[in-house]
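Protein chains in written order, with the numbering used here: chain A, 105 to 507; chain B, 105 to 507.
The C-beta atom is built at its ideal place from N, Cα and C for all residues, glycine as well.
Since we're looking at a predicted model, the values are computed, not measured.
One structure below.
Number of protein chains: 2
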Amino acid sequence: MTDRLAGVAVVAHGGGPTPVINASLAGVIEECRRHPQITALYGARYGILGVIEEQFLDLYRQDAALVSLIGRAPGSALGSCRHKVSAADYERILTVFRAHNIRYFLYNGGNDSMDTAFRVSQLARHCNYELRVIGIPKTVDNDLPETDHCPGYGSAARYFACAVRDVGADLRALPRRVSVVEGMGRNAGWLVASSLLARREPDDPPHLIYCPERPLSADQVLADVEAVYRRLHYAVLTVSESQKDDKGGTFGADLMAPDGFQHSMAGNLGHALSNLITKHLKLRARSEKPGLLGRAAAGFVSETDWEEARLCGQVAVQAAVQGVTDKMVTLVREPGPAYRSTTGLTDLEKVANAERHLPPEWINAAGNDVLEAFREYATPLTGQIEPLPRLDQVLIPRRAFQV
Amino acid sequence: MTDRLAGVAVVAHGGGPTPVINASLAGVIEECRRHPQITALYGARYGILGVIEEQFLDLYRQDAALVSLIGRAPGSALGSCRHKVSAADYERILTVFRAHNIRYFLYNGGNDSMDTAFRVSQLARHCNYELRVIGIPKTVDNDLPETDHCPGYGSAARYFACAVRDVGADLRALPRRVSVVEGMGRNAGWLVASSLLARREPDDPPHLIYCPERPLSADQVLADVEAVYRRLHYAVLTVSESQKDDKGGTFGADLMAPDGFQHSMAGNLGHALSNLITKHLKLRARSEKPGLLGRAAAGFVSETDWEEARLCGQVAVQAAVQGVTDKMVTLVREPGPAYRSTTGLTDLEKVANAERHLPPEWINAAGNDVLEAFREYATPLTGQIEPLPRLDQVLIPRRAFQV
Numbered sequence: 105m106t107d108r109l110a111g112v113a114v115v116a117h118g119g120g121p122t123p124v125i126n127a128s129l130a131g132v133i134e135e136c137r138r139h140p141q142i143t144a145l146y147g148a149r150y151g152i153l154g155v156i157e158e159q160f161l162d163l164y165r166q167d168a169a170l171v172s173l174i175g176r177a178p179g180s181a182l183g184s185c186r187h188k189v190s191a192a193d194y195e196r197i198l199t200v201f202r203a204h205n206i207r208y209f210l211y212n213g214g215n216d217s218m219d220t221a222f223r224v225s226q227l228a229r230h231c232n233y234e235l236r237v238i239g240i241p242k243t244v245d246n247d248l249p250e251t252d253h254c255p256g257y258g259s260a261a262r263y264f265a266c267a268v269r270d271v272g273a274d275l276r277a278l279p280r281r282v283s284v285v286e287g288m289g290r291n292a293g294w295l296v297a298s299s300l301l302a303r304r305e306p307d308d309p310p311h312l313i314y315c316p317e318r319p320l321s322a323d324q325v326l327a328d329v330e331a332v333y334r335r336l337h338y339a340v341l342t343v344s345e346s347q348k349d350d351k352g353g354t355f356g357a358d359l360m361a362p363d364g365f366q367h368s369m370a371g372n373l374g375h376a377l378s379n380l381i382t383k384h385l386k387l388r389a390r391s392e393k394p395g396l397l398g399r400a401a402a403g404f405v406s407e408t409d410w411e412e413a414r415l416c417g418q419v420a421v422q423a424a425v426q427g428v429t430d431k432m433v434t435l436v437r438e439p440g441p442a443y444r445s446t447t448g449l450t451d452l453e454k455v456a457n458a459e460r461h462l463p464p465e466w467i468n469a470a471g472n473d474v475l476e477a478f479r480e481y482a483t484p485l486t487g488q489i490e491p492l493p494r495l496d497q498v499l500i501p502r503r504a505f506q507v
Numbered sequence: 105m106t107d108r109l110a111g112v113a114v115v116a117h118g119g120g121p122t123p124v125i126n127a128s129l130a131g132v133i134e135e136c137r138r139h140p141q142i143t144a145l146y147g148a149r150y151g152i153l154g155v156i157e158e159q160f161l162d163l164y165r166q167d168a169a170l171v172s173l174i175g176r177a178p179g180s181a182l183g184s185c186r187h188k189v190s191a192a193d194y195e196r197i198l199t200v201f202r203a204h205n206i207r208y209f210l211y212n213g214g215n216d217s218m219d220t221a222f223r224v225s226q227l228a229r230h231c232n233y234e235l236r237v238i239g240i241p242k243t244v245d246n247d248l249p250e251t252d253h254c255p256g257y258g259s260a261a262r263y264f265a266c267a268v269r270d271v272g273a274d275l276r277a278l279p280r281r282v283s284v285v286e287g288m289g290r291n292a293g294w295l296v297a298s299s300l301l302a303r304r305e306p307d308d309p310p311h312l313i314y315c316p317e318r319p320l321s322a323d324q325v326l327a328d329v330e331a332v333y334r335r336l337h338y339a340v341l342t343v344s345e346s347q348k349d350d351k352g353g354t355f356g357a358d359l360m361a362p363d364g365f366q367h368s369m370a371g372n373l374g375h376a377l378s379n380l381i382t383k384h385l386k387l388r389a390r391s392e393k394p395g396l397l398g399r400a401a402a403g404f405v406s407e408t409d410w411e412e413a414r415l416c417g418q419v420a421v422q423a424a425v426q427g428v429t430d431k432m433v434t435l436v437r438e439p440g441p442a443y444r445s446t447t448g449l450t451d452l453e454k455v456a457n458a459e460r461h462l463p464p465e466w467i468n469a470a471g472n473d474v475l476e477a478f479r480e481y482a483t484p485l486t487g488q489i490e491p492l493p494r495l496d497q498v499l500i501p502r503r504a505f506q507v
């Protein structure tokens, strides 16, 4: 039964955009329009800051064709932020909610955002203000617990796998080089692991995949690269921007200024590793750092990811109008040989600030590769990464050597 | 009249691959098959090294459907190299040519490769060995003289413009950041200039475009970024990996080991600039370095570029069978409002080791932007770079401030 709490809904984005965060937004807009008790739908400009500063767009007034186009665009159409909400901010949020009769709060973000959503809900309850708070998952890092995977991951993983395949084609064509391709990922190896999908034959790039779940010594990287290079005359390795060395350092890379949540990261880890390789192995090494392109590139959206992102937006609204609160939508993988997902709900509290890592059993013993179980997990989420065609390699018999 | 010199043709790739170098290869294979005097077509493995070491693939034996697929793939299907050919190597090349009755040499490369092709031809003439040598242009840098533009450039420029558009969407969505997007380009600004195509409205990213034709002071970068940031609360700048500072240095970036032709380049110039911005302006800056993806990304081929690359391969064969030698195929832009190109021929000697730079009049007086004349030049080559849609930005009136 629908509990007809009439009022305004607010949708906001938290943290970094994903290639499909706007698909969730489109899903929210479409679904809210179906529920008359949602009297208006506001989009907060720049995440929770838009709530605090009362910067709202009227999303019912947006043209449906435009919303549909925006659902396919990268970035966040609303804008987002990485603002650590203070006690005074929480009070202010409730004041704004009261002033606009906002009764539904749909927060589309990662674990920091789910913590914020949970605290907003707690304060509203404490103040006897009826509010329904639902989290919509979003992270290219795929590190939210309680869900099989996160909207945004499949597309970012598709991007990274295609990038490594293409860089690999360049190195295979012009060998005697080493490339370190740096992927995103705050602490978890889900994204860097996706480079496995670029490899079809055993000697295809990437030859080495390092997941940040395992600390890595410079000595291991050098020994691994040397062994690959000796065999194939080139090497492509993938590494996460958050990889730590065995002393907890960053291989000499520069640390960037921390964000609002005090997450600090190296800014040039791939370059630092390529310098190490050049220096110690005397090989021609370089690094590629697609960086933000890993979550912003418009051309690599996975259709499954896009559909699921939209569905999560729709389901969040459906749950809220049915009286649910303090939950985050999850994606559930149904058993069976063909991939099929449904949605579920989990407590915001369980997701807030928690991180899910790559299962240790998906990383090989040497810590320089990802196992086939990961491929089975990830391929339905990214879609097939098509291998590149190659010429038939039968050589013409030599003549000049007999001249 | 066709001069029916019967013999084997060799096609080889020199220097870095482009997204369409295999389209030229497909054009060569298709066209050679039409001329019975070309008794066999050999593909040299790894460029001129494949000739020296007699590593040849029989390209007539390759399946036509596979060749067609390969024509769409990035990398070089034959393999390439950056080998500085020695006097002994040139002798060896001629020995190999004689041993296989190779009478046609089609060399697909940039200015270093055209120099090699010219010297091979000179030596053959000196030794009274009848040989037809035709260059097929190829460079993402677009820096070959005598041609309106080079196969490979349109696609690499399309990649870079799309990358900057997408990174720009990320920063606009999550502002209070600066991103330095590093583009390829050995000395010329053609590629970094292409980021102009990502900008439709005056305040769209990229806000600053630096071309390596102009030395750049750290002070100017800092003043430029500060002015943009103050106005827009974020800034996206594009810079070439080969940008020099006003002291001839690289803003503190590391120099990489030189290649076979002694071209040396900074390995982390964008990162060095982002460090400067963080340090002096106290802004949150980062860098993206798609690096090799700029010439290897499979998904950004410009159809015009692809067609022209294939055509250059075909025309090279046609010229050779007609008795032409010591020429490189050029692309000629026909006058008129609609874009149309034809091909021409120029002397290899004029192209060998020469570089064409961005015309100074296409760079603004301040040296931090590219002018609209460049857009007219480049857009037909890249195809349209579609702008990303945006929500209507009309805000809901505030209420809570009156509570």
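>> I want to verify the contact list: residues of chain A whose CB lies under 8 Å from the CB of Lys-188/B, in sequence order.
In response: Residues of chain A passing the Cβ test: none, with the nearest at roughly 14 Å.
> What residue range is occupied by the uninterrupted beta strand (DSSP E) comprising Val-124/B?
Replying inline: Looking at the DSSP string, Val-124/B is not in any beta strand (DSSP E), and its letter there is neither H nor E.
>> Less than 8 Å between the C-beta atoms of Arg-276/A and Arg-390/A, yes or no?
In response: no
> Which whole-angstrom value is the C-beta distance of Ser-259/B and Phe-404/B, which I expect to be below 8 Å?
Replying inline: 6 Å
>> Need the endpoints of the beta strand (DSSP E) that Ser-391/A sits in, please.
In response: Its beta strand (DSSP E) spans residues 389 to 392.
> Where does Pro-241/B fall in DSSP's three states?
Replying inline: strand
> Taking DSSP as the reference, what is the three-state secondary structure of Gly-395/A?
Replying inline: coil
> With C-beta atoms as the reference, is Asn-126/A less than 8 Å away from Ile-174/A?
Replying inline: Here Asn-126/A is near Ile-174/A, since their CB atoms are less than 8 Å apart.
> How many angstroms separate the CA atom of Val-419/A from the CA atom of Tyr-211/A?
Replying inline: 13 Å
> Taking the continuous beta strand (DSSP E) assigned at Asn-212/A, which residues delimit it?
Replying inline: 206 to 213
> What do you reckon, are the CB atoms on Ala-148/A and Val-112/A nearer than 8 Å?
Replying inline: no
> Going along chain B in order, which residues have a C-beta closer than 7 Å to the C-beta of Asp-121/A?
Replying inline: Before going further, note that residue 121/A is Pro rather than Asp in the sequence given. What Pro-121/A touches in chain B: Asp-274, Ala-277 and Leu-278.
> What did DSSP end up calling Arg-460/B once you bin it into helix, strand or coil?
Replying inline: coil
>> My output table needs one value for Thr-382/A: the three-state DSSP class, helix, strand or coil.
In response: helix
> Are the C-beta atoms of Ala-297/B and some chain A residue less than 8 Å apart?
Replying inline: no
>> With a threshold of 8 Å between beta carbons, is Val-115/A in contact with chain B?
In response: no
> So what's Ser-299/B in DSSP terms, helix, strand or just coil?
Replying inline: helix
> If contact means a Cβ-Cβ distance below 8 Å, which residues of the stretch 392 to 407 of chain B contact chain A?
Replying inline: Glu-392, Lys-393, Pro-394, Gly-395, Leu-396, Leu-397, Arg-399, Ala-400, Ala-401, Ala-402, Gly-403 and Phe-404
>> I'd like to know whether the C-beta atoms of Ser-283/A and Val-329/A end up nearer to each other than 8 Å.
In response: no
> So, is Phe-505/B buried or exposed, given that buried needs 16 or more other C-beta atoms within 10 angstroms?
Replying inline: Under this definition Phe-505/B is an exposed residue.
>> Against chain A, does Leu-492/B count as a neighbour if the rule is that its beta carbon must be under 8 Å from one of theirs?
In response: yes
>> Please state the DSSP three-state secondary structure of Ala-110/B.
In response: coil
> Nearest chain A C-beta to His-311/B closer than 8 Å, yes or no?
Replying inline: Chain A, which has no Cβ nearer than 8 Å to the Cβ of His-311/B, makes this no.
>> Here's the rule I'm using: 16 or more other beta-carbon atoms within 10 Å means buried, otherwise exposed. How should Thr-106/B be labelled?
In response: Any reading at Thr-106/B is ruled out, since the residue's pLDDT is 49, under 50, leaving its predicted position unreliable.
>> Let me check one thing: in DSSP terms, what residues is Leu-499/A bridge-paired to?
In response: According to DSSP, which records beta bridges pairwise, Leu-499/A is partnered with Leu-161/B.
>> Report the start-end ranges of each beta strand (DSSP E) in the stretch 306 to 382 of chain B that is 3 residues or longer and not cut off at the edges.
In response: Whole beta strand (DSSP E) segments, 3+ residues: 312 to 314 and 339 to 344.
> Within the 8 Å Cβ cut-off, does Ala-302/A reach chain B?
Replying inline: no
>> So, under 8 Å CB-CB, Val-296/A and Cys-315/A are touching, yes? Tell me the CB distance rounded to an integer number of Å.
In response: That pair is a contact at about 6 Å.
> When DSSP labels each residue in this structure, what does Arg-236/B get in the three-state scheme?
Replying inline: DSSP places Arg-236/B in the strand class (E or B) of the three-state scheme.
>> With distance defined between alpha-carbon atoms, name the residue in Glu-317/B, His-337/B and Leu-326/B nearest to Glu-345/B.
In response: Glu-317/B
>> Under 8 Å, Cβ to Cβ, is there at least one residue of chain B near Gln-497/A?
In response: yes
> Using a Cβ-Cβ distance under 8 Å, would Met-218/B count as near chain A?
Replying inline: no
> Taking 8 Å as the CB-CB limit, is Arg-388/B close to chain A?
Replying inline: yes
>> With distance defined between alpha-carbon atoms, name the residue in Ser-180/A, Arg-334/A, Arg-388/A and Ala-322/A nearest to Gly-352/A.
In response: Ala-322/A
> Counting contacts by CB-CB distance shorter than 8 Å, is Val-507/A in contact with chain B?
Replying inline: With a pLDDT of only 46 at Val-507/A, under 50, the local geometry of the prediction cannot be trusted, and the value read off the model is given with reservation. Cβ-Cβ to chain B under 8 Å: yes for Val-507/A.
> Going by DSSP, what residues sit across from Tyr-47/A in a beta bridge?
Replying inline: One cannot answer for residue 47/A here, as it falls past the ends of chain A, which runs 105 to 507.
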